[in-house]
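So the protein sequences, as listed, match chains W and G.
According to my numbering, the first sequence is numbered sequentially starting from 24.
According to my numbering, the second sequence is numbered sequentially starting from 673.
Inspection log for the structure reproduced underneath, given as structure tokens.
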Amino acid sequence: MGNIVEIKHLTKNFTDKEKNVKALDDINLEIKEGSFVSIIGGSGCGKSTMLRIIGGLETEYDGEVLVGGENVTAPSRDKGFIFQDHRLLPWLTVKENIRFSLPDSQKKNDELIKEYLSLVGLSNFENAYPKQLSGGMSQRVAIARALANKPKILLLDEPFGALDAITKVNLQEELLKIWKKENITMIIVTHDIDEAVYLGQKVVVMTPRPGRIKDIHTVNLGTVRVRTGELFTAARDEIYKEFFKESELPFSYSI
Amino acid sequence: MEKKKKKGFGYWLLYFALPVIILAVWEGYSFAGKLKPYALPAPEKILKTTVEYIQNGQLFTNIGVSVLLVLEGFFLAFFVAFTVGICVTVFPKFDTFTDLIIQILKPIPPIAWIPLAILWFGIGQDSKIFIIFIGAVFPIFLNTVDGVRNIDKKYFELAKVYEAPKSQLIKKIIIPGALPSIMTGVRLGVGNAWVSVVAAEMIGATKGVGYMLSNGRSLSRPDIVILGMLLVGIFGKLMDDLLRWLRKKLIKWN
Ligand SMILES: Nc1ncnc2c1ncn2[C@@H]1O[C@H](COP(=O)(O)OP(=O)(O)OP(=O)(O)O)[C@@H](O)[C@H]1O
Ligand SMILES: [Mg+2]
Numbered sequence: 024m025g026n027i028v029e030i031k032h033l034t035k036n037f038t039d040k041e042k043n044v045k046a047l048d049d050i051n052l053e054i055k056e057g058s059f060v061s062i063i064g065g066s067g068c069g070k071s072t073m074l075r076i077i078g079g080l081e082t083e084y085d086g087e088v089l090v091g092g093e094n095v096t097a098p099s100r101d102k103g104f105i106f107q108d109h110r111l112l113p114w115l116t117v118k119e120n121i122r123f124s125l126p127d128s129q130k131k132n133d134e135l136i137k138e139y140l141s142l143v144g145l146s147n148f149e150n151a152y153p154k155q156l157s158g159g160m161s162q163r164v165a166i167a168r169a170l171a172n173k174p175k176i177l178l179l180d181e182p183f184g185a186l187d188a189i190t191k192v193n194l195q196e197e198l199l200k201i202w203k204k205e206n207i208t209m210i211i212v213t214h215d216i217d218e219a220v221y222l223g224q225k226v227v228v229m230t231p232r233p234g235r236i237k238d239i240h241t242v243n244l245g246t247v248r249v250r251t252g253e254l255f256t257a258a259r260d261e262i263y264k265e266f267f268k269e270s271e272l273p274f275s276y277s278i
Numbered sequence: 673m674e675k676k677k678k679k680g681f682g683y684w685l686l687y688f689a690l691p692v693i694i695l696a697v698w699e700g701y702s703f704a705g706k707l708k709p710y711a712l713p714a715p716e717k718i719l720k721t722t723v724e725y726i727q728n729g730q731l732f733t734n735i736g737v738s739v740l741l742v743l744e745g746f747f748l749a750f751f752v753a754f755t756v757g758i759c760v761t762v763f764p765k766f767d768t769f770t771d772l773i774i775q776i777l778k779p780i781p782p783i784a785w786i787p788l789a790i791l792w793f794g795i796g797q798d799s800k801i802f803i804i805f806i807g808a809v810f811p812i813f814l815n816t817v818d819g820v821r822n823i824d825k826k827y828f829e830l831a832k833v834y835e836a837p838k839s840q841l842i843k844k845i846i847i848p849g850a851l852p853s854i855m856t857g858v859r860l861g862v863g864n865a866w867v868s869v870v871a872a873e874m875i876g877a878t879k880g881v882g883y884m885l886s887n888g889r890s891l892s893r894p895d896i897v898i899l900g901m902l903l904v905g906i907f908g909k910l911m912d913d914l915l916r917w918l919r920k921k922l923i924k925w926n
């Protein structure tokens with residue numbers, strides 16, 4: 024399969040009040056259709072900015088960004104975007120939130136709404152208001168909302184950053200399941216090394232000031248992905264070494 | 673937010689204590705002959721006048737006329753303020769086009785419009801509706817605009833991701849997002865409508881609560897004046913209660 028995303032010499036400057044921030048500096052990246060890519064890096068290295076450019080939420084930049092072979096000029100339903108906050112409309116019920124996102128031709132398609140709510144395990148909550156949901160449930164709805172629009176690519180900007188560890192692991196599992204089932208390209212931005220390694224087939228490591236790609240790792244977790252065991256530990260070590268020198272590795276693994 | 677706790681006897685005792693104290697002191701002074709009846713009559717005199725006004729139907733006629741005027745003026749104001757308010761926020765050019773006029777008209781108090789209103793519409797009901805309209809339109813308009821401007825920008829970004837057309841944007845984001853603020857505007861608007869109706873009726877009217885005030889004064893009947901004032905106060909409170917209830921019904925998501 025070909026590349027769904029192609030980024031060539033992408034540079035992005037933010038200028039406000041005479042101050043200039045180079046958020047991205049000469050980024051080159053190709054993402055294969057159907058793959059799962061993690062982007063990791065410290066705060067302020069331009070991860071969100073890059074994702075927003077791919078998603079069409081940010082349209083002023085230098086260089087070339089192609090999604091599906093075309094220049095991105097605006098956001099669209101086929102580029103699903105999951106924000107760190109779930110961004111459900113508080114005045115609409117879960118069902119109506121999803122309905123709001125659908126194209127005119129599908130607005131009355133209750134079956135579609137039900138199908139995606141059941142995919143994220145929230146069939147019983149279609150009439151709940153967002154304030155009645157927990158953070159994890161809200162983020163599930165946000166994922167269902169994006170998927171119901173049948174995107175070609177799903178962009179996730181620290182989607183689980185605000186969740187507790189257990190909810191987080193559950194949602195990661197579900198996301199992987201969905202990825203395998205729906206065959207959607209997924210790009211996740213995170214600063215959680217375990218998350219990056221567990222989800223991504225590739226891990227893009229970025230460094231700040233100016234935002235650059237430092238390295239791209241290919242993760243091999245074998246045919247069955249597990250969070251424990253040698254393959255995972257080895258892959259995680261590799262990423263840790265990007266951020267910490269050998270001597271200051273935060274912990275050692277002796278079992 | 674208000675708690676759902678049942679209010680006990682102590683609460684209601686405290687709630688009604690001050691009015692009862694005022695009534696008792698008032699009664700005491702007038703019983704002791706310390707009050708001049710032509711300035712401040714005894715409470716029972718006002719009660720007597722109230723009964724009299726209920727019996728001869730004047731109480732309901734007067735209050736009915738005023739309430740009807742308030743409603744007419746208010747709905748007209750709401751319709752205009754809401755429509756213009758939404759247009760101003762959705763179409764920036766329309767905002768620029770109308771801004772200066774709105775800014776200049778806004779500080780002019782409703783009573784300042786009375787002379788012109790009478791010249792334009794005569795001393796009938798139309799001129800009063802106009803005054804009420806002026807009184808109610810600005811708070812509703814300003815709060816509508818404010819409400820829309822304070823909607824979190826992230827929701828507009830969401831609308832872009834899902835390619836929502838302007839009609840959806842207005843129906844699903846702008847109106848519900850601004851609703852709490854719009855309801856505040858409506859409450860202020862209704863309050864202003866009451867102020868305006870009394871002012872307008874005091875100047876030229878043959879019915880209405882404002883007329884009761886001016887009529888009571890020319891007849892040297894402070895009891896009628898006070899009855900009129902109480903009616904304004906009580907109906908104003910009732911309308912505000914109604915609006916608070918409506919707000920709760922409409923905004924059930926938080
Ligand atoms: N709208 C903006 N205006 C000005 N500067 C911005 C804007 N958005 C981002 N920046 C700057 O660009 C740089 C990259 O920001 P970005 O949000 O992409 O970082 P990030 O990698 O997502 O960080 P984090 O992990 O904290 O979310 C930062 O230095 C930030 O201050
Ligand atoms: Mg970010």
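Built from N, CA and C at the ideal position, the CB exists for glycine as well.
What you are looking at is a predicted structure, and each value in this text was computed from that prediction instead of being measured.
If you count every other CB in all the chains shown that lies within 10 Å of the CB of residue i, and 16 or more means buried, which is it?
i, result
"H109/W", "buried"
"K70/W", "buried"
"R232/W", "exposed"
"I780/G", "exposed"
"D39/W", "exposed"
"Q195/W", "buried"
"G757/G", "buried"
"E218/W", "buried"
"W785/G", "buried"
"V904/G", "buried"
"L170/W", "buried"
"I693/G", "exposed"
"L179/W", "buried"
Sort out for me which residues DSSP pairs residue i with in a bridge.
i, result
"M229/W", "G64/W, I236/W"
"F104/W", "L178/W"
"F37/W", "V44/W"
"D85/W", "T34/W"
"T208/W", "I176/W"
"L52/W", "I30/W"
"N94/W", "L89/W"
"T241/W", "K225/W"
"F59/W", "M209/W"
Would you say residue i touches ligand 1, meaning its beta carbon is less than 7 angstroms from a heavy atom?
i, result
"A865/G", "no"
"K70/W", "yes"
"H214/W", "yes"
"G67/W", "yes"
"V60/W", "no"
"V220/W", "no"
"F37/W", "yes"
"V44/W", "yes"
"G159/W", "no"
"G234/W", "yes"
"G78/W", "no"
"G900/G", "no"
"G86/W", "no"
"G64/W", "yes"
Taking C-beta to C-beta, are residue i and residue j nearer than 8 angstroms?
i, j, result
"N822/G", "T856/G", "no"
"V739/G", "A865/G", "no"
"L74/W", "I50/W", "no"
"E56/W", "E29/W", "no"
"T208/W", "S61/W", "no"
"P715/G", "P894/G", "no"
"I663/G", "G876/G", "Any property of residue 663/G remains undetermined from this structure, which presents chain G solely from 673 to 926."
"E253/W", "H240/W", "no"
"P113/W", "P153/W", "yes"
"A185/W", "Q107/W", "yes"
"I896/G", "T721/G", "yes"
"L220/W", "R259/W", "Per the sequence presented here, residue 220/W reads as Val, with Leu not at that position. It is a contact, given that the beta carbons lie within the stated cut-off."
Let me check you understand the geometry: is the CB of residue i closer than 7 angstroms to at least one non-hydrogen atom of ligand 2?
i, result
"E829/G", "no"
"E181/W", "yes"
Would you say residue i touches ligand 3, meaning its beta carbon is less than 7 angstroms from a heavy atom?
i, result
"G849/G", "With respect to ligand 3, the structure offers nothing, as its ligand set consists of ligand 1 and ligand 2."
TODO: Select from the stretch 88 to 102 of chain W all residues with a C-beta closer than 9 angstroms to any C-beta belonging to chain G, and list them in chain order.
DONE: A97, P98, S99, R100, K102
Open item on the list: Which residues of the stretch 158 to 169 of chain W have a Cβ closer than 7 angstroms to any Cβ of chain G? Give them in chain order.
Closed with: none
- [ ] Compile a chain-ordered list of the residues in the stretch 824 to 840 of chain G whose CB is closer than 8 angstroms to at least one CB of chain W.
- [x] K826, Y827, E829, L830, K832, V833, Y834, E835, A836, Q840
Open item on the list: Residues of the stretch 776 to 793 of chain G in Cβ contact with chain W at a cutoff of 9 angstroms, in chain order, please.
Closed with: none
Task: Interface positions of the stretch 839 to 869 of chain G facing chain W (Cβ-Cβ less than 8 angstroms), listed along the chain - done: Q840, K844, I845, P848, G849, L851
Task: Within 9 angstroms of chain W by C-beta, residues of the stretch 912 to 925 of chain G in sequence order - done: I923, K924, W925
- [ ] Give the residues from the stretch 126 to 144 of chain W that approach chain G closer than 8 angstroms (Cβ to any Cβ), ordered along the chain.
- [x] P126
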